[in-house]
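Notes for the one structure printed next.
Residue numbers (the working numbering), protein chains in the order written: chain P, 9 to 404; chain D, 9 to 404.
Below, the structure is given as structure tokens:
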């Protein structure tokens with residue numbers, strides 16, 4: 009599966025290089041066991057120890073220039089048509105291969121805007137410049153960020169199938185959590201229950217296990233990006249959980265909301281239902297607004313405005329992000345026009361992009377209402393990849 | 009444990025900054041879920057999403073400048089005395105904090121020589137320079153490589169205790185493998201048996217699971233750094249395995265050698281025993297040569313020369329590397345004076361360093377003899393952390 013997927017993405021990469029007017033894409037890496045370029049899994053399917061160049065040309069050539077000890081492994085992996093090995097120093101072979109293709113424009117793995125296109129560390133960049141300093145190629149280097157955004161963003165059918173599998177298994181665990189939640193249990197109890205299911209089934213986590221899942225019970229919790237605590241679940245709490253799996257290299261990222269009924273209650277109170285429904289409806293409104301060519305900030309507007317119009321404070325983060333091999337994938341972003349998001353809210357949405365939609369609002373005295381769904385962008389709109397949550401889950 | 013260890017290493021870092029004449033150490037990172045600075049686990053104990061600065065001064069101050077949404081998490085983790093949060097852009101707070109300490113010399117997280125000190129990506133480096141361009145600090149930046157080498161290399165007692173635990177559990181699995189090896193089983197069978205034990209016990213792998221363990225059976229195998237294959241184990245094969253665990257954030261890295269007896273044999277043939285014993289003895293000779301202050305190339309010489317004097321070809325890699333939080337840790341290296349090792353063979357060995365010793369030689373017609381042990385450098389010599397293999401393991 010890995011090899012087939014890598015070859016599929018390499019082919020797509022060559023098409024994108026043509027589209028963007030780039031002749032050759034050079035990914036320069038070393039000791040990937042210590043720090044790994046985020047594109048390596050997709051483009052190569054294995055790591056490298058010594059300074060190594062993984063090259064894709066707009067004609068579809070693929071050339072790996074690697075240390076001699078790693079030839080056997082590279083042949084086993086089988087994703088590069090040509091393998092050139094060196095013993096002492098990569099410089100000579102690197103210069104030779106560039107001379108052979110003589111590219112006018114070379115994309116390399118750095119970017120100020122996108123971390124996924126920024127896998128070249130600064131020390132290694134200095135090495136690369138030193139290798140090329142007496143060649144014309146040192147003046148032909150550009151950022152790979154546009155290529156990376158297109159390649160990661162436009163999901164193939166194989167990728168979508170893997171993502172659906174991760175979503176299905178995530179929703180299965182959410183269902184099991186509904187049976188597990190009880191007053192008196194702690195956020196950590198819930199998180200550990202989820203982790204035990206993940207371990208039992210041999211899956212990976214979509215982000216670091218310490219914060220995956222994130223579980224928040226009741227009013228005044230720490231908010232996004234914090235770990236579960238020993239706070240006890242109580243009757244009258246709104247609970248939410250942010251959780252994703254990594255299965256066969258592709259991630260899910262979903263959120264669901266529960267309410268713990270008080271003794272006399274048969275349903276959640278009015279204000280809880282209202283908060284939940286505003287979140288639910290804002291997701292549907294945002295989803296309906298999505299078509300290829302629009303900018304992410306326009307989609308963010310729809311949900312953000314609806315929530316504020318209904319009397320709630322606006323959420324302090326973007327409405328949604330792309331995902332794929334990682335939970336926070338690069339390129340176009342559903343986010344407001346805030347400086348910290350740089351150019352990402354203004355990148356046009358493309359067919360084949362997979363986005364989360366994840367608004368949030370506080371319900372005074374109860375907790376946080378959040379739902380996170382996943383959609384794929386089609387020619388005329390979106391298709392939901394997750395089966396959307398339509399009613400708050402009640403715990404008796 | 010994590011918090012205690014981070015605080016221990018931060019304290020040590022401040023001492024090393026004094027020793028190296030550096031006033032302030034600035035680790036600049038972002039989106040560590042996508043690409044993570046190799047020093048972050050040791051210095052911070054958690055990740056960061058937006059551009060973030062983790063600062064340690066030679067006076068022992070620790071300051072985190074992070075995105076506002078991550079304040080709760082950072083407080084939970086509790087490893088930084090001062091937490092400064094921003095909403096729009098890190099620049100203003102970063103400039104302010106540097107002005108407050110007014111350092112004359114600032115180490116930042118880049119290095120041409122050491123990947124573990126090279127966590128700053130080139131795009132993010134450009135951002136950092138832009139943040140500092142109107143301050144005097146932009147001209148005071150130096151590589152953190154000397155600080156990183158000393159900090160990672162000088163193991164504390166807590167770190168050594170964790171490493172011994174990982175070694176103990178690794179040797180336990182090697183013992184179990186001896187009971188599992190049978191002619192007719194494949195390299196992949198052996199690797200999967202090991203992986204099942206690791207999963208069962210909830211441990212991590214010291215390097216990527218695809219190549220951990222590496223298993224080689226018989227003559228003409230792919231050599232180092234390749235994955236296990238479907239090659240079948242046969243009578244008359246020398247088998248070796250390279251394997252390490254990651255337990256509580258610290259790694260082991262060990263190798264052992266087996267021989268599969270042919271029908272009439274009660275012991276391995278002369279030439280197999282000779283090859284094995286040359287490896288075994290070269291390790292003891294190298295270990296006896298180690299004292300603080302020597303250079304790694306001198307240690308490499310001892311084993312390499314002994315192997316060549318005994319009529320075998322020299323191994324095409326270094327004799328050993330440091331290890332700790334990762335299997336290939338930075339700093340001084342037991343390696344020959346080859347260009348691809350840069351300055352590493354010439355860095356003096358220090359007390360508290362943990363090294364592997366892992367020579368290798370081919371036994372014509374049988375396979376590869378390798379043993380890998382781990383030693384810690386003490387004031388007057390070394391202590392073996394692993395219980396050395398003294399006889400080749402025989403499979404009936």
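Ideal Cβ positions, reconstructed from N, Cα and C, are used throughout, including at glycine.
Check your understanding: What are the boundary residues of the beta strand (DSSP E) that residue 249 of chain P is part of?
Key -> Per DSSP, residue 249 of chain P belongs to the beta strand (DSSP E) from 246 to 251.
Practice item. Check whether the Cβ atoms of residue 375 of chain P and residue 191 of chain P lie closer than 8 Å to each other. Key: No, these two residues do not count as a Cβ contact at 8 Å.
Exercise for review: Note down, in chain order, every chain D residue with its Cβ under 8 Å from the Cβ of residue 11 of chain P.
Suggested key: In chain order: nothing, as chain D lies at least about 12 Å away.
**Study point:** Contact set between residue 46 of chain D and chain P, taken where Cβ atoms lie within less than 7 Å
**Key:** Simply 42 and 43.
Point to revise | Presumed contact (8 Å Cβ cut-off) between residue 132 of chain D and residue 126 of chain P, rounded CB distance | key: Between residue 132 of chain D and residue 126 of chain P a beta carbon distance of about 6 Å is seen, short of the 8 Å cut, so the two are scored as contacting.
Check your understanding: Going along chain D in order, which residues have a C-beta closer than 9 Å to the C-beta of residue 84 of chain P?
Key -> Per Cβ cutoff of 9 Å: 230, 234, 235 and 237.
Exercise for review: Identify each residue in the segment 123 to 134 of chain D for which the Cβ-Cβ distance to at least one residue of chain P is less than 8 Å, and report them in chain order.
Suggested key: Under the 8 Å Cβ criterion, the segment 123 to 134 of chain D contributes 123, 124, 125, 126, 127, 128, 129, 130, 131, 132, 133 and 134.
Review point. Can you tell me whether residue 112 of chain D is buried or exposed, with buried defined as 16 or more other CB within 10 angstroms of its CB?
Key: With fewer than 16 Cβ atoms within 10 Å of its Cβ, residue 112 of chain D is classed as exposed.
Review point. In chain P, which residues lie less than 9 Å from residue 152 of chain D when you measure between Cβ atoms?
Key: For the C-beta of residue 152 of chain D, not a single chain P residue is nearer than 9 Å; the gap to the nearest is close to 10 Å.
Review point. CB-CB under 6 Å to residue 360 of chain P, same chain, minus the five flanking residues each way: which ones, in chain order?
Key: Within the same chain, residue 360 of chain P has close Cβ partners 162 and 163.
Check your understanding: Taking Cβ positions only, does residue 3 of chain D come closer than 8 Å to chain P?
Key -> Since the displayed chain D opens at 9 and closes at 404, residue 3 of chain D lies outside it and no answer follows.
Review point. Is there contact between the segment 100 to 116 of chain D and the segment 136 to 155 of chain D, where contact requires at least three CB pairs shorter than 8 Å?
Key: Touching, yes.
Practice item. Note down, in chain order, all residues in the segment 96 to 114 of chain D with a beta-carbon under 8 Å from any beta-carbon belonging to chain P. Key: Contact residues of the segment 96 to 114 of chain D toward chain P are 96 and 97 (C-beta to C-beta distance below 8 Å).
Check your understanding: Which of the three DSSP states, helix, strand or coil, is assigned to residue 206 of chain P?
Key -> Of the three classes helix, strand and coil, the one that applies to residue 206 of chain P here is helix, per DSSP.
Review point. How about the segment 280 to 293 of chain D and the segment 251 to 259 of chain D: do they share at least three Cβ pairs that are nearer than 8 Å?
Key: Too few Cβ pairs lie closer than 8 Å, so no.
Practice item. Identify each residue in the segment 305 to 327 of chain P for which the Cβ-Cβ distance to at least one residue of chain D is less than 9 Å, and report them in chain order. Key: Listed in chain order, the positions of the segment 305 to 327 of chain P with a beta carbon within less than 9 Å of a beta carbon of chain D are 324 and 325.
Exercise for review: Over the uninterrupted beta strand (DSSP E) stretch that includes residue 114 of chain P, give me the two end residues.
Suggested key: Element bounds for residue 114 of chain P: 114 to 116.
Point to revise | Same chain only: Cβ atoms within 6 Å of residue 319 of chain P, ignoring 5 sequence neighbours per side | key: Excluding residues within five positions, none has a Cβ falling inside 6 Å.
Review point. With distances taken from CA atoms, which of D:95, D:69, D:91 and D:65 is nearest residue 76 of chain D?
Key: Closest in C-alpha terms to residue 76 of chain D, from the list D:95, D:69, D:91 and D:65, comes D:95.
**Study point:** Boundaries (first-last residue) of the beta strand (DSSP E) holding residue 35 of chain D
**Key:** Unbroken beta strand (DSSP E) run through residue 35 of chain D: 32 to 37.
Exercise for review: Could you tell me which of D:110, D:340, D:120 and D:121 sits nearest to residue 140 of chain D, measuring between CA atoms?
Suggested key: Ranked by Cα distance from residue 140 of chain D, the first of D:110, D:340, D:120 and D:121 is D:110.
Check your understanding: Can at least three beta-carbon pairs, one atom from the segment 82 to 89 of chain D and one from the segment 30 to 45 of chain D, be found at a separation below 8 Å?
Key -> By the Cβ rule, the segment 82 to 89 of chain D does not count as touching the segment 30 to 45 of chain D, because fewer than three pairs are nearer than 8 Å.
**Study point:** Against chain D: residues of the segment 341 to 364 of chain P by CB proximity under 7 Å
**Key:** Within the segment 341 to 364 of chain P, 346, 347 and 348 place their CB atoms closer than 7 Å to a CB of chain D, listed in sequence order.
Practice item. Could you check how far apart the C-beta atoms of residue 383 of chain D and residue 171 of chain D are, in whole angstroms? I think they sit under 8 Å. Key: Rounded to the nearest angstrom, the Cβ distance from residue 383 of chain D to residue 171 of chain D is 11 Å, too far for a contact under 8 Å.
Check your understanding: Does the beta carbon of residue 118 of chain P come closer than 8 Å to any beta carbon on chain D?
Key -> By this cut-off, residue 118 of chain P is an interface position.
Review point. Can you find a CB in chain P that lies within less than 8 Å of the CB of residue 223 of chain D?
Key: Residue 223 of chain D has a beta carbon lying at 8 Å or more from every beta carbon in chain P.
Practice item. Could you name each continuous alpha helix (DSSP H) segment of 4 residues or more that falls completely within the segment 33 to 92 of chain P, going from the start of the chain to the end? Key: Residue ranges of uninterrupted alpha helix (DSSP H) with 4 or more members, entirely inside the segment 33 to 92 of chain P and ordered along the chain, are 48 to 51 and 79 to 85.
Point to revise | CB contact flag (residue 266 of chain D, residue 378 of chain D, <8 Å) | key: Result no, Cβ atoms of residue 266 of chain D and residue 378 of chain D do not sit closer than 8 Å.
Exercise for review: Identify every run of the alpha helix (DSSP H) within the segment 291 to 329 of chain D, keeping only runs that are complete inside it and at least 4 residues long; order them along the chain.
Suggested key: Segments of the alpha helix (DSSP H) lying fully in the segment 291 to 329 of chain D: 304 to 317.
Exercise for review: Out of D:55, D:145 and D:242, point me to the one whose CA is closest to residue 270 of chain D's CA.
Suggested key: Comparing C-alpha distances from residue 270 of chain D to each of D:55, D:145 and D:242 shows the shortest one belongs to D:242.
Review point. Quick one: is residue 137 of chain D buried, meaning 16 or more other Cβ sit within 10 Å of its Cβ, or exposed?
Key: Counting Cβ neighbours within 10 Å, residue 137 of chain D comes out exposed, since fewer than 16 surround it.
Check your understanding: If you draw a straight line from the alpha carbon of residue 98 of chain D to that of residue 316 of chain D, how long is it in whole angstroms?
Key -> Residue 98 of chain D and residue 316 of chain D: Cα-Cα distance of roughly 57 Å.
Point to revise | Secondary structure of residue 381 of chain D, DSSP reduced to three states | key: Looking at residue 381 of chain D - three-state DSSP - the assignment turns out to be strand.
Review point. For a contact meaning CB atoms closer than 7 Å, what does residue 336 of chain D contact in chain P?
Key: By Cβ distance, chain P contributes 39, 41 and 42.
Review point. Whose C-alpha, out of D:225, D:261, D:235 and D:260, is nearest the C-alpha of residue 246 of chain D?
Key: Measuring from the Cα of residue 246 of chain D, the nearest candidate turns out to be D:225.
Exercise for review: Under 7 Å between beta-carbons, which chain P residues line up against residue 216 of chain D? List them in chain order, please.
Suggested key: Ordered by position in chain P, the residues that pass the 7 Å Cβ test against residue 216 of chain D are 41 and 55.
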